[in-house]
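I have placed the structure first, in the form of structure tokens, so that the comments after it can refer back to it.
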Amino acid sequence: MCKKIDFLFLFLTIALGNLLVLNSAFGEENHHSSHAHIHGEADANIAMIGSSLEIEFISPAHNLIGFEYEARTSAEIAKVKQTESVLGDPAKILQLTGGECDFVDIAIESGFSLKDEDNHDDHNHSHAHHGLEENKTDTHSNFKVKYHTSCDSGLFPNSIEFLLFKHFKNLSRVNVKWISENKQGSKRLTANNSVVGF
């Protein structure tokens, strides 16, 4: 079952990519490429197939935690952990209207290996700061979150509100692409217009 869902999600992601190409060919509204690393912007892909609703969210780390370099201080590590906690609670991120869907799996990838600098000896501690300063401008890190839901009898939501803007002040836009078994679409969300309907 999981392999079938992964295959469907891959297929739908490719279809959504094709939708983006078509949209950018016919309208300036979607002139950014999919998954481009642009501060302030994020991407979301939604696939509704069978009784499965998959929502993928990809954002530069800067939008969510304010930095992209490796978290080293206690404050930076705490910020990453707090962000992962918020992203791991779908009720804080997504509001589904209509449908009968239950979240069954959430996967969060951040690329951060959380090592507190207080665990280093003094000699390594000073070198870590020099390396940190050099890497702060060259690093591009992303958060990627996949929400998997099971929807009874294939009853999908009529709309999804993205609550991300309430938690992440550096996030200004989410470019959403969605596909179901009989239609597809896209929408650019902002804090003032954060609902995508199907």
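Here our numbering = 1-based position in the sequence shown + 10.
Think of the CB as a built atom: it goes at the ideal place given N, C-alpha and C, for glycine as much as any other residue.
Item: Exposure label - Ala-117; buried when at least 16 CB within 10 Å; Value: exposed
Item: C-alpha gap between His-72 and Gln-92, whole angstroms; Value: 14 Å
Item: Glu-119 - partner residues in DSSP beta bridges; Value: Lys-154
Item: Lys-102 in three-state terms, based on DSSP; Value: helix
Item: Chain-order list of residues whose beta-carbon lies under 6 Å from that of Gly-108 (same chain, five-residue window excluded); Value: Pro-167 and Asn-168
Item: Thr-159 versus Leu-199 - alpha carbon distance; Value: 22 Å
Item: Selected residue, minimal CA-CA separation from Asn-180, among Glu-64, Glu-78 and Ala-101; Value: Glu-78
Item: Cβ-based burial, Leu-165 [other Cβ within 10 Å; buried from 16]; Value: exposed
Item: Alpha carbon of Leu-104 to alpha carbon of Lys-176, nearest angstrom; Value: 11 Å
Item: Thr-200 (DSSP reduced to helix, strand or coil); Value: strand
Item: Identity of the residue in Val-114, Val-186, Ile-170 and Phe-178 nearest Ser-62 by Cα; Value: Val-114
Item: Phe-67: first and last residue of the uninterrupted beta strand (DSSP E) it sits in; Value: 62 to 70
Item: Closest by C-alpha distance to Phe-153, when choosing among Ser-123, Glu-171, Ile-170 and Cys-161; Value: Ser-123
Item: Host beta strand (DSSP E) of Glu-171 (start-end); Value: 169 to 172
Item: Nearest neighbour of Cys-161, chosen from Phe-208, His-47, Phe-178 and Met-58 [CA to CA]; Value: Met-58
Item: Under 8 Å between C-beta atoms of Ile-56 and Ile-65; Value: yes
Item: Nearest-angstrom beta carbon gap, Pro-70 and Tyr-157 [assumed within contact, 8 Å]; Value: Not a contact, Cβ separation roughly 19 Å.
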